[in-house]
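J.:
Protein chains: 2
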Amino acid sequence: MENKLKTKACEHKIRAIHDVMYLIGGKWKISIIACLCYGNKRYSDILNEVEGISGKMLSRELKELEMNKMIERTILDTKPIGVEYSLTELGTSLKSIIDILADWGITYREARKLIEEQI
Amino acid sequence: MENKLKTKACEHKIRAIHDVMYLIGGKWKISIIACLCYGNKRYSDILNEVEGISGKMLSRELKELEMNKMIERTILDTKPIGVEYSLTELGTSLKSIIDILADWGITYREARKLIEEQI
DNA sequence: CAGTATCCGGTTTGATACTG
DNA sequence: CAGTATCAAACCGGATACTG
Numbered sequence: 463m464e465n466k467l468k469t470k471a472c473e474h475k476i477r478a479i480h481d482v483m484y485l486i487g488g489k490w491k492i493s494i495i496a497c498l499c500y501g502n503k504r505y506s507d508i509l510n511e512v513e514g515i516s517g518k519m520l521s522r523e524l525k526e527l528e529m530n531k532m533i534e535r536t537i538l539d540t541k542p543i544g545v546e547y548s549l550t551e552l553g554t555s556l557k558s559i560i561d562i563l564a565d566w567g568i569t570y571r572e573a574r575k576l577i578e579e580q581i
Numbered sequence: 463m464e465n466k467l468k469t470k471a472c473e474h475k476i477r478a479i480h481d482v483m484y485l486i487g488g489k490w491k492i493s494i495i496a497c498l499c500y501g502n503k504r505y506s507d508i509l510n511e512v513e514g515i516s517g518k519m520l521s522r523e524l525k526e527l528e529m530n531k532m533i534e535r536t537i538l539d540t541k542p543i544g545v546e547y548s549l550t551e552l553g554t555s556l557k558s559i560i561d562i563l564a565d566w567g568i569t570y571r572e573a574r575k576l577i578e579e580q581i
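Here the protein sequences come in this chain order: A and B.
For the first sequence, the numbering used here gives the first residue as 463, with consecutive numbering after it.
For the second sequence, the numbering used here gives the first residue as 463, with consecutive numbering after it.
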């Protein structure tokens, strides 16, 4: 009986996480958001700073992030035309999560090194 | 000059996050880890609790998670054979991140509702 | 029970060329 | 500059049948 409740709580949490990953779990989405944490950026800036992403992927991911209200797109009236991307309030609310993830990533790399050396 | 340093820091963090997402960003990986946060589980338990996953995907993801030292696989000597999966220390270290993500997911849903209503 | 093997359509993605 | 269009290759993932 108690076990069933536990399972329910588990499933509820899993669904919440699945939702989150749908939003930010694309191959590049968090990287893009992380990039914008350091200030507003243009399309070409992001293209340079997020290693490995192609132009096609970038524009696609940007579009989805905009749809989900994570980022905002502003057209600058420069010539030639420029576009600036910035985080919305919602996007900004991910900053702390991003920091935690990045920290974990670095810790993980160290931990892996230690485990490997034991072999 | 100062700007270049900033860009470097940015790119470093982005790479760290990209690594993390490579590890836990598969369609099901965090869900599986989240599921195991609630206790060791058998293959069939996970199959039931992670909604939507197929057997093929589950075994594939479990294998990758094991390779990356996130989970451990123990063969029980029951008949018929049973297999139990559990989190390693590394996997366990994700618990807090998972909680934060799940919380954000729920908060996000509320925020989106508010934004939508304004329209 | 806990998987593996095979088939197979659908989706994703990179490269390249092009546009306003 | 900031994208879009198009093609082909690679990969994903479901269904089903099979194994120890």
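Don't be surprised by glycine CBs; every beta carbon is placed ideally from N, CA and C.
Quick caveat: nothing in here was measured; it's all calculated off a predicted structure.
By DSSP, does A:Leu-549 sit in helix, in strand, or in coil?
T.: Here residue 549 of chain A refers to the residue found at position 87 when the first sequence is read from its first residue. Three-state DSSP puts A:Leu-549 in a strand.
J.: Ordered along the chain, which non-local residues of its own chain (more than five positions away) have a Cβ less than 6 angstroms from that of B:Ile-486?
T.: As a position in the second sequence, residue 486 of chain B is number 24, starting the count at 1. Only Ile-492 meet the Cβ criterion.
J.: Could you tell me the distance, in whole angstroms, from the CA atom of A:Ala-478 to the CA atom of B:Lys-531?
T.: Locating residue 478 of chain A in the first sequence gives position 16, counting from the first residue. Locating residue 531 of chain B in the second sequence gives position 69, counting from the first residue. Spanning the two alpha carbons is a distance of roughly 25 angstroms.
J.: In this structure, does DSSP put A:Gly-488 in helix, strand or coil?
T.: As a position in the first sequence, residue 488 of chain A is number 26, starting the count at 1. Of the three classes helix, strand and coil, the one that applies to A:Gly-488 here is coil, per DSSP.
J.: Taking DSSP as the reference, what is the three-state secondary structure of A:Ile-515?
T.: Within the first sequence, the letter at position 53 stands for residue 515 of chain A. A:Ile-515: coil per DSSP, three-state reduction.
J.: Which chain B residues sit within Cβ distance under 9 angstroms of A:Glu-546?
T.: Taking the first residue of the first sequence as position 1, residue 546 of chain A is located at position 84. Taking the beta carbon of A:Glu-546 as reference, no residue of chain B falls within 9 angstroms; the closest one sits roughly 16 angstroms away.
J.: What residue range is occupied by the uninterrupted beta strand (DSSP E) comprising A:Leu-538?
T.: Here residue 538 of chain A is taken as the residue at index 76 of the first sequence, counted from 1. Element bounds for A:Leu-538: 533 to 538.
J.: Does the structure place the segment 499 to 508 of chain A close enough to the segment 508 to 522 of chain B that three or more beta carbon pairs sit under 8 angstroms?
T.: no
J.: What does A:Thr-587 touch in chain B if you count any residue whose Cβ is under 7 angstroms from its own?
T.: With chain A covering 463 to 581 only, the question about residue 587 of chain A has no answer from this structure.
J.: Kindly give me the distance between the Cβ atoms of A:Glu-511 and B:Cys-472, rounded to whole angstroms, as I take these residues to be in contact under 8 angstroms.
T.: What you label residue 511 of chain A is simply residue 49 of the first sequence in a count that begins at 1. What you label residue 472 of chain B is simply residue 10 of the second sequence in a count that begins at 1. Confirmed, Cβ separation roughly 6 angstroms.
J.: Bridge partners of A:Gly-544, per DSSP?
T.: Numbered from its first residue, the first sequence carries residue 544 of chain A at position 82. DSSP lists A:Leu-538 as partners of A:Gly-544.
J.: Grab me the residues of B:Glu-526's own chain with a C-beta within less than 8 angstroms of its C-beta, minus the 5 sequence neighbours each way, in chain order.
T.: Numbered from 1 along the second sequence, position 64 holds the residue referred to as residue 526 of chain B. Taken in chain order, the residues that qualify are Gly-488, Lys-491.
J.: List, in chain order, every chain A residue whose beta-carbon is nearer than 8 angstroms to that of B:Met-519.
T.: Working through the second sequence from its first residue, we reach residue 519 of chain B at position 57. Correct list: empty, because the minimum Cβ distance to chain A is about 13 angstroms.
J.: Starting from A:Glu-473, find everything on chain B with Cβ-Cβ shorter than 8 angstroms and list it in chain order.
T.: Taking the first sequence and counting its residues from 1, the one referred to as residue 473 of chain A is at position 11. Residues of chain B passing the Cβ test: Glu-511, Glu-513.
J.: How many Å lie between A:Glu-528 and B:Ile-494 at the Cα?
T.: As a position in the first sequence, residue 528 of chain A is number 66, starting the count at 1. As a position in the second sequence, residue 494 of chain B is number 32, starting the count at 1. Looking at the two C-alpha atoms, the distance is approximately 29 angstroms.
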